Amino acid sequence: MGAEWVDHDSWELVEEASQACGRDVSQLLLNADADELKQTRNSQLTTFVLSMVVLDAVERTGVAPNLAAGHSLGEYSALCASGALSFEDAVRLVAERGEAMQIAADEQDGTMAAVLGLDDDLVVSACARVDGDVWVANHNAPGQVVIAGAPSAVEEAGEKAKELGAKRAMGLPVGGAFHTPFMAPARDRLRKALSEIEVRDPAIPIVANVDATARQEAEEWPQLLASQLCSPVQWRQSLYALHELGCLTFVELGPGTVLTGMAKRTLKDVNTMSVATPEDVDTLLAAVTDLGSSGQNAGVAGEHLYVTERLVVSPCAGIFSPKEGLQTDQLVNVGDVVGWVAEEEVRSPFAGLLMEFMALDSERVTARQPIAWLRTR
Numbered sequence: 007m008g009a010e011w012v013d014h015d016s017w018e019l020v021e022e023a024s025q026a027c028g029r030d031v032s033q034l035l036l037n038a039d040a041d042e043l044k045q046t047r048n049s050q051l052t053t054f055v056l057s058m059v060v061l062d063a064v065e066r067t068g069v070a071p072n073l074a075a076g077h078s079l080g081e082y083s084a085l086c087a088s089g090a091l092s093f094e095d096a097v098r099l100v101a102e103r104g105e106a107m108q109i110a111a112d113e114q115d116g117t118m119a120a121v122l123g124l125d126d127d128l129v130v131s132a133c134a135r136v137d138g139d140v141w142v143a144n145h146n147a148p149g150q151v152v153i154a155g156a157p158s159a160v161e162e163a164g165e166k167a168k169e170l171g172a173k174r175a176m177g178l179p180v181g182g183a184f185h186t187p188f189m190a191p192a193r194d195r196l197r198k199a200l201s202e203i204e205v206r207d208p209a210i211p212i213v214a215n216v217d218a219t220a221r222q223e224a225e226e227w228p229q230l231l232a233s234q235l236c237s238p239v240q241w242r243q244s245l246y247a248l249h250e251l252g253c254l255t256f257v258e259l260g261p262g263t264v265l266t267g268m269a270k271r272t273l274k275d276v277n278t279m280s281v282a283t284p285e286d287v288d289t290l291l292a293a294v295t296d297l298g299s300s301g302q303n304a305g306v307a308g309e310h311l312y313v314t315e316r317l318v319v320s321p322c323a324g325i326f327s328p329k330e331g332l333q334t335d336q337l338v339n340v341g342d343v344v345g346w347v348a349e350e351e352v353r354s355p356f357a358g359l360l361m362e363f364m365a366l367d368s369e370r371v372t373a374r375q376p377i378a379w380l381r382t383r
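Residue numbering for the sequence shown follows my numbering, beginning at 7 and increasing consecutively.
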């Protein structure tokens with residue numbers, strides 16, 4: 007898991023994570039077997055750290071989000087991306103969260119199942135018809151809902167759902183009934199850990215799992231993160247919320263493509279992409295550049311709402327020549343030429359003020375090397 011990142015500069019975060027939580031994260035990522043990685047205490051830590059490696063690699067290109075959300079564990083990645091949590095604090099919280107959820111799952115036998123092809127309300131009704139502990143845990147996408155609880159109750163609710171018209175109800179290979187009242191002990195332990203770290207105001211809106219509402223106040227997040235453990239993930243509603251806020255391009259960072267599929271299933275008029283490998287980062291950068299050159303905003307419709315520093319990068323290797331007459335503090339529009347590399351135009355995918363050229367006139371640059379720094383709004 008993550009072997010393709012070992013030689014990338016962003017891999018340095020793995021060592022930082024190990025120091026922050028006192029565990030050998032590199033060993034887990036590179037050498038742990040499937041059974042080890044299935045353990046909640048391990049799967050959460052490795053997934054989070056690898057997602058942050060990907061985020062760091064993307065940030066090094068100058069691409070930054072206008073809005074963010076994370077599914078369950080991914081909410082910690084979203085908060086890091088926004089500056090609300092430091093990487094070290096987030097690692098410690100994720101390690102504590104995984105350990106607490108592992109203990110809660112060991113103490114209370116539980117499981118989860120995906121119900122496909124049935125409206126959310128009918129899935130809720132199927133759970134209500136069962137004399138046992140079973141709840142909706144994830145509202146993922148239209149016709150895709152996850153239920154969780156006691157194994158026998160989950161199985162019975164799946165049968166009830168099929169009676170109501172579900173195409174399928176299938177068990178998931180998880181170690182507990184997450185996002186249900188079974189996680190109350192973990193919630194209480196996590197709440198204590200959250201009280202001991204600093205949460206800052208996110209630089210961009212983060213749509214919360216608990217209520218699919220965009221939040222930007224630091225004091226709200228400790229309670230939201232704690233409540234999330236026992237509350238259903240409102241992911242479909244979160245996608246709608248992001249779209250209503252103007253999000254046109256959804257980029258999934260980290261291992262897997264599940265969230266990309268959910269976005270495609272939920273929203274029909276958006277761009278989607280998953281970034282899991284170093285090669286995917288190059289693909290993302292090319293896509294953002296193409297969107298900018300065609301006059302589209304890759305992130306949010308209309309103007310940027312928040313001041314953000316962005317980098318314009320070279321499309322190829324060669325000698326750089328800046329556009330004659332282009333000065334610092336001058337407005338650059340989406341698609342404007344800022345210079346040339348080997349006779350190929352360098353167009354800005356962003357609109358903003360030119361703060362500085364990062365490459366000198368006649369300097370030889372490499373592909374994807376930052377050559378200009380813009381401040382967008």
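Even glycine gets a Cβ: it sits at the ideal position worked out from N, Cα and C.
Owing to the predicted nature of the structure, the values given are computational and were not obtained by experimental measurement.
- Taking a contact as a CB-CB distance under 8 Å, the pair Val-136 and Cys-27 does not count as one, their CB atoms being some 39 Å apart.
- Note on Ser-244: 16 or more other CB atoms within 10 angstroms of its CB, so buried under the neighbour-count rule.
- Residue range 140–147 is occupied by the beta strand (DSSP E) that includes Asn-146.
- Met-189 sits in a helix when the DSSP states are folded into three classes.
- Shown here for Gly-177: same chain residues with a beta carbon closer than 7 Å to its own, the five before and five after excluded, namely Thr-117 and Ala-119 in chain order.
- Lys-166 sits buried, since 16 or more C-beta atoms from the chains shown fall within 10 Å of its C-beta.
- Fully enclosed beta strand (DSSP E) runs of no fewer than 3 residues occupy 314–319, 324–328, 343–347, 350–353 and 358–363 of the region 308–373, in order along the chain.
- Check the Cα spacing between Asp-367 and each of Lys-173, Trp-346, Ala-134 and Arg-353: the tightest is with Trp-346.
- A residue is called buried when at least 16 other Cβ atoms come within 10 angstroms of its Cβ; Arg-195 meets this threshold and is buried.
- The DSSP-derived three-state label of Phe-93 is helix.
- When beta bridges are read from the DSSP output, Glu-258 appears opposite Ser-280.
- Counting of Cβ neighbours within 10 angstroms places Arg-47 among the buried residues, the total reaching 16 or more.
- Annotated as proximal: Val-257 and Leu-290, with beta-carbon spacing under 9 Å.
- Met-118 sits in a strand when the DSSP states are folded into three classes.
- Inclusion of Met-189 and Leu-235 in the CB contact set at 9 Å is warranted, their separation being smaller than that value.
- Between the C-alpha atoms of Leu-51 and Ser-24 there is a straight-line separation of about 10 Å.
- For Pro-376, the beta-bridge partners assigned by DSSP are Val-319.
- Counted as a single uninterrupted DSSP element, the alpha helix (DSSP H) harbouring Gln-33 occupies residues 31–37.
- By the neighbour-count definition (other C-beta atoms within 10 Å, threshold 16), Leu-337 is an exposed residue.
- Taking C-beta atoms as the reference points, Pro-71 and Ser-49 fail to come closer than 9 Å.
- Bounds of any alpha helix (DSSP H) do not take in Ala-183, whose DSSP letter is neither H nor E.
- The beta carbons of Ala-293 and Met-279 sit about 6 Å from each other, so the pair counts as a contact at 8 Å.
- Residues Val-205, Arg-206 and Asp-207 of the same chain have their beta carbon placed closer than 6 Å to that of Ala-224, with the five preceding and five following residues left out of the count.
- By the CB criterion at 9 Å, Ala-323 and Ala-282 fall outside the cutoff.
- Residue pairing from DSSP places Ala-74 in a beta bridge opposite Ile-212.
- In this structure, the alpha-carbon of Val-352 lies about 7 Å from that of Pro-321.
- Residue range 150–155 is occupied by the beta strand (DSSP E) that includes Gln-150.
- Looking at Ile-325, Leu-360 and Ala-348, the one whose alpha-carbon comes closest to that of Asp-342 is Leu-360.
- When C-alpha distances from Val-287 are compared across Val-69, Asp-30 and Glu-105, the shortest belongs to Val-69.
- The alpha-carbon of Thr-295 is positioned some 12 Å away from that of Arg-316.
- Here Arg-206 carries a coil assignment [DSSP, helix/strand/coil].
- By the C-beta density criterion, Glu-21 is exposed, having fewer than 16 other C-beta atoms within 10 angstroms.
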